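Peer 1:
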Ligand code: SF4
Ligand code: SF4
């Protein structure tokens with residue numbers, strides 16, 4: 007009986023990638039995210055932005071932080087997580103960005 011209950015729970019488990027797959031994006035041509043000063047990122051040992059973002063928007067590449075803003079989930083974690091307050095963060099312009107669909 008207990009096993010059946012566990013299996014009932016398992017039937018409804020969906021991983022985060024499955025959930026994110028349900029979302030769609032209306033991508034703007036202009037980034038809503040920017041680095042205020044890339045020279046600060048060069049000296050930043052933690053590079054928290056590259057770890058904290060669930061969508062892996064930030065990447066340390068060729069000596070600077072590259073931003074793949076198109077995949078942003080608008081969660082705000084990078085804004086709080088950058089200990090040098092070096093991210094210029096805003097929501098995408100009206101009508102653009104992620105459109106969440108809940109399952
Ligand atoms: S955490 Fe902030 S300062 Fe460090 S690399 Fe990322 S954006 Fe730059
Ligand atoms: S708002 Fe969230 S998803 Fe978007 S770049 Fe920042 S941490 Fe990543």
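Numbering (my numbering), first residue to last: 7 to 109. Glycine residues also receive a C-beta, built at the ideal position from the N, C-alpha and C atoms. In this text the structure is predicted, and so the values were computed from the model without any measurement.
What ranges does the alpha helix (DSSP H) occupy inside the segment 43 to 98, keeping only unbroken runs of at least 4 residues that lie completely in it?
Peer 2: Listed in chain order, the complete alpha helix (DSSP H) runs (minimum 4 residues) inside the segment 43 to 98 are 44 to 49, 55 to 58 and 83 to 87.
Peer 1: Applying the criterion that 16 or more other CB atoms from any shown protein chain within 10 Å of the CB defines a buried residue, is residue 60 buried or exposed?
Peer 2: With fewer than 16 other Cβ atoms within 10 Å, it is exposed.
Peer 1: Taking the C-alpha atoms as reference points, what is the distance between residue 41 and residue 88?
Peer 2: If you take the alpha carbons of residue 41 and residue 88, they lie about 10 angstroms apart.
Peer 1: Answer yes or no: the CB of residue 47 versus the heavy atoms of ligand 2, is any distance below 6 angstroms?
Peer 2: Flag unset: Cβ of residue 47 not near ligand 2.
Peer 1: Output the distance between the C-alpha atoms of residue 32 and residue 45, rounded to the nearest integer angstrom.
Peer 2: When rounded, the distance between both Cα atoms is 31 angstroms.
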